[in-house]
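To keep things clear, I will list the structure first and then write my remarks on it.
Number of protein chains: 2
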Amino acid sequence: MTTPAEFYQRHRELLDRAIEAAADRDYWSAYPESPSKSVYGEEAAPAGEAAFRALLGAEFPIEVPGATTTVSTEPGAYVSYPKGDPGDLVAAARAATPGWRAAGPQGRAGVAAEILRRINARIFEMAHAVQLTTGQAFVMAFQAGGAHAQDRGLEAVAVALAESTRIPAAAQWSKPQRGGDPLRLEKTSTVVGRGVALVIGCTTFPTWNSYPGLFASLVTGNPVIVKPHPGAVLPLAITVQIAREVLTEAGLDPNVVTLAVEERGDGIAATLATHPDVRIVDFTGSSEFGNWLEANARQAVVYTEKAGLNTVIVDSTADYRGMLRNLAFSLSLYSGQMCTTPQNLLVPATGIDTDAGHKSPAEFGADLGAAVDKLLSDPQRAVGTLGAIVNDGVLARLAEAGTLPGVLHPSQEIESSRTPLIVHLDVADEKIYTREWFGPISFVITTASTAESISIFEQTVGHHGALTALVHSTSDEVLGQVRNAALDAGVHLSENLTGGVFVNQTAAFSDLHGTGANPAATASLSDAAYITGRFYTLQSRRHVS
Amino acid sequence: MTTPAEFYQRHRELLDRAIEAAADRDYWSAYPESPSKSVYGEEAAPAGEAAFRALLGAEFPIEVPGATTTVSTEPGAYVSYPKGDPGDLVAAARAATPGWRAAGPQGRAGVAAEILRRINARIFEMAHAVQLTTGQAFVMAFQAGGAHAQDRGLEAVAVALAESTRIPAAAQWSKPQRGGDPLRLEKTSTVVGRGVALVIGCTTFPTWNSYPGLFASLVTGNPVIVKPHPGAVLPLAITVQIAREVLTEAGLDPNVVTLAVEERGDGIAATLATHPDVRIVDFTGSSEFGNWLEANARQAVVYTEKAGLNTVIVDSTADYRGMLRNLAFSLSLYSGQMCTTPQNLLVPATGIDTDAGHKSPAEFGADLGAAVDKLLSDPQRAVGTLGAIVNDGVLARLAEAGTLPGVLHPSQEIESSRTPLIVHLDVADEKIYTREWFGPISFVITTASTAESISIFEQTVGHHGALTALVHSTSDEVLGQVRNAALDAGVHLSENLTGGVFVNQTAAFSDLHGTGANPAATASLSDAAYITGRFYTLQSRRHVS
């Protein structure tokens, strides 16, 4: 047995460094993103693949409170998972709470850091599980589903530990009294979790989008029920398995973390989210269900990441080729199946000034299509960028958008991937571009001027939300206007990305992901507001004896 | 003109010290609580009283957006105030927002500290205004309505400044790239307020309960509409007047802070709280309206302090006289018209062990009544403790409770004050003691044992909420059990108070007041959770040029 306090001592240096990085917002990462042998060793790749293969076609080895049956919902995986009753899961979580509360913030952070260490040790197995369930290419699965997800998890641990220890556990209070001894009290402060937490995973980024909520709730003293999307169970099942293993080793009730699976259509997310004892809900997925949760899970604090209209304002550029290359990659990565992929590219009808001359919207659209074709010209490399389409909904939207007039770049099929569809629209076509088209579908929208682009950006993002925004301009005045518009619309902004940084990617410990400032989300990964609603600090005080 | 940055420099040392105190939770206070000449000077008292008298019977000099009429709602004050239309107030607040956002966290904290400095400079005038409107005795009005309220305001400024600057305004990000130059970005982070804030004041502590929300919202970038209770307008009118004066001097739109008065029954609090542009609501008052706000002001984050069943567990004591004296004062202070006054005193039927021998519940009840009588034996001193009854609702409850069987200590009339009514109940009388009896009404409730007392405490407070809890016991085992029960019920605890610290008082910078962990409130004054929902941090990033 290793106590929570011992796990904390073991990982203290890492945790201190992570807290420092989250405060500085400079570059820092705890988990290497390169799957190379020089980093993870000669044996890691084959061993991870073998461990992954051993899971396929079998019942996943995990204990689930109250489970009497199993389900198997992932296409092509044939893994089955024990299925627990929602009431039993909540009861088991409640029963596990007192011991978890008693572990204290540092003890809980130590356990969390050990869970992450072991997840990282199984990163190749995890990458295969993410690849299988999401359709991401292996390297992307390794990075986004492995190292970057772990970094986002550790970031949440760090911010949770920092925020839940701002009020010291013990304090001495001594108030001077005129003509007498001071009044003296000793005071203790205890962090108490809000209650049972529920994490509802998504199908495209099962780990990256679940780890912040999972670890934020854990470190602040809450038991967590992890409810994966039926299409992407395995990555979170592995995660929960590891968490339970560490909890058991720490002498704690493993039901601090449990797995809640379902048959497609069972709707247990809604059942659990509205259970009176469930007090925290983290959700990533559709705006429809996210809005439903916000309206109906009234007994809980609800953190959602939904969808919106990611927007690019193209005004001018000093690096036309770099801009096109960067945009082409952003549209193509994972076949646009990211909540951060740009959808609406606003271009003035008068065209844009570039280092390669003035370009009309039509020229820009053609050049962007050519840049996409160049990026994806090698089929094998293309699949490595595009991954696979995750479900039929994406294909249906792609088919629908393909019938629109003004197609600039048709989508092509490469194995189970699809290349970006780019359609030209006019600013008047707002019925089309104010809808979210999740998948490889983007619009080049002609506006009267950059001023109108900014106005459309502010209105549409303010009203419908967005996870990302990007501007290309060589004018300081325009950049200033767009920065102000981004603050008014409430969205994070990237400016003039022409190199190896892309608008659809954010870096843990430096970039916030999402914001409650627009309708696409209610929280940022991971700032203090994402943490402080998950716990209470309760005090007691007494005279000093 | 003094810019916000200059105000910040002027008050920087104070703000740094306040942030430090809020982190340490030891004793600290910025504003002296003694109204003595040695502290505030020879002239402060008469000058403050003269300034107060000059306000009476006149129209209060303050500009209110859209005001065309005035109202006068405070009994005995005859002060009239310009009345603005809710829509105009919200529009004016919105118009004032961009300049306030641009002032930045430090600039806003500097302006807030200057507002508090000038409020403190008018503390005698304020104390008279609080005394007139709340019925508190002068010294209590000076302390709770003056110095302590200012300390709570500064505490909110400090925590707001600390929390809104955790993410630095600028950061450099440099990611190593294998075989190439590092990827380098510069990133800026901007604090953006959530939107228009509304502070709904109460009649008993118009400043103490309003300042935390007012200053927390201000410093995090939100304009604030201050809506006083119709019975206690003057203290908040003075506050808003000062705030507008400082804002104007700082070159800012004074409509960052506005006053919203109404005729009794107008219900503008509900109108404003549900306005789509009002995004933050702070409320102190009845559970009924607080719960209504939580259910209906869905577009806003709602911080409420309502009411509950403040409970005392009496198990045993090593200082019987000290315990009785301390309890007698807690029941008597401001005629029990505090959200923190103990209502339910749980005593085991088997009696309590004390340093003065074993005491039956009947003996304890009689001795408590005698301690109250002794405390209030001198009529003039009694009025100084009791203050005046604030409204007819209190008198009606007192009359109703006076007809219960088992009166241990009847309430007596001393001028416009009332002494505590103490009634004996059995644990089976839950229909009576699970109701909140705001005012000088307390129950000595006989339980089977301390174990049952603890169980009743946990159940009733968990279900109905409480602002305070107190235990008297000489047993470490019992104290441990009650501490655990307080964590489970979710309430702050005081233990064995027998001296000059009282369960109904909390100290800024050290004690949290209220908690979202039980139904009596949704927030603690002032922890990070009270702050972080009031703003967003928005980032922008670009390549380093």
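Residue numbers (the working numbering), protein chains in the order written: chain P, 379 to 923; chain C, 379 to 923. Quick reminder that beta carbons are idealized off the backbone N, C-alpha and C, glycines included. Note that the structure is a prediction, hence the values are computed from the model and not measured.
Asked	Found
I want to know whether the stretch 634 to 652 of chain C touches the stretch 590 to 608 of chain C - three or more CB-CB distances under 8 Å.	yes
How is the beta strand (DSSP E) around P:K605 delimited, first residue to last?	V602 to K605
Please state the DSSP three-state secondary structure of P:S851.	coil
Specify, as a first and last residue, the run of the beta strand (DSSP E) that C:Q555 falls within.	A548 to Q555
Given a threshold of 16 other Cβ atoms within 10 Å of its Cβ, counted over all protein chains shown, does P:H526 qualify as buried or as exposed?	buried
Quick one: which chain C residues come within Cβ less than 7 Å of P:Y914?	G868, T893, G894 and A895
From what residue to what residue does the alpha helix (DSSP H) around P:L393 run?	P382 to D402
When the distance is taken between beta carbons, is P:P382 closer than 7 Å to P:G513?	no
Taking C-alpha atoms, which residue in P:G714, P:K553 and P:L612 lies nearest to P:E814?	P:G714
Under 7 Å Cβ to Cβ from P:V624, same chain only, skipping five residues before and after it: list those, please.	V489, E492, I493 and R496
Suppose you measure from the CA of C:H607 to the CA of C:I578; what does that come to, to the nearest Å?	7 Å
Is it a yes or a no for the stretch 873 to 885 of chain P touching the stretch 551 to 561 of chain C, going by three-plus beta-carbon pairs under 8 Å?	yes
Kindly give me the distance between the Cβ atoms of P:K565 and C:R403, rounded to whole angstroms, as I take these residues to be in contact under 8 Å.	7 Å
How is P:H787 classed by DSSP in three states: helix, strand or coil?	strand
Consider the Cβ of C:E533: report whether some Cβ of chain P lies at a distance smaller than 7 Å.	no
If the cut-off is 7 Å on Cβ atoms, which residues from the stretch 385 to 415 of chain P count as contacting chain C, listed in chain order?	A401, D402, R403, D404 and Y405
Any beta carbon of chain C sitting closer than 7 Å to that of P:G668?	no
Would the stretch 557 to 572 of chain C and the stretch 582 to 593 of chain C be scored as touching if the rule is three or more Cβ pairs under 8 Å?	no
Which partner residues of P:E452 appear in the DSSP bridge assignment?	Answer is none; P:E452 lacks a bridge partner.
Rounded to a whole number of angstroms, what is the C-alpha to C-alpha distance between C:R920 and P:H802?	27 Å
Can you give me the C-alpha to C-alpha distance between C:E503 and C:Q509, rounded to a whole angstrom?	10 Å
Looking only at its chain, what residues have a beta carbon closer than 6 Å to the beta carbon of C:F742, apart from the 5 residues adjacent to it on each side?	V725
Can you find the residues in the same chain that come closer than 8 Å, C-beta to C-beta, to C:L799, ignoring five residues on each side of it along the sequence?	L776, A779, G780, V785, H787, P788, S789, P818, I819 and S820
Under 8 Å Cβ-Cβ, which residues of chain P neighbour C:G878?	Q555 and L561
Please return the same chain residues whose Cβ sits closer than 8 Å to the Cβ of P:T824, not counting the five positions on each side in sequence.	V725, P726, A727, P739, H802, L803, D804 and V805
Listing by chain order, which chain P residues have their CB less than 9 Å from the CB of C:I545?	A400, A401, R403, L890, D905 and A906
Which of helix, strand or coil does DSSP assign to C:P613?	helix
Do the stretch 880 to 897 of chain C and the stretch 570 to 584 of chain C touch if we need at least three Cβ pairs shorter than 8 Å?	no
Any idea what DSSP makes of P:N722, helix, strand or coil?	strand
Between the Cα of P:W586 and the Cα atoms of P:F516, P:F520 and P:G700, which residue gives the shortest distance?	P:F520
Name the DSSP bridge partner or partners of C:R431?	In DSSP, C:R431 forms no bridge with anything.
Just checking: is the beta-carbon of C:P695 within a distance shorter than 7 Å of some beta-carbon in chain P?	At residue 695 of chain C the sequence reads Thr, which differs from the Pro that was named. False, the Cβ-Cβ gap to chain P never drops below 7 Å.
For C:E855, would you say it is in contact with chain D, using Cβ-to-Cβ distances shorter than 7 Å as the test?	The structure shown contains no chain D; its protein chains are P and C.
Any idea what DSSP makes of C:E441, helix, strand or coil?	coil
Can you tell me the Cα-Cα spacing of P:A400 and P:V537, whole angstroms?	7 Å
Spatial neighbours of P:E836 within its chain, please: CB distance less than 7 Å, with the 5 preceding and 5 following residues excluded, ordered by chain position.	A863, D866 and A867
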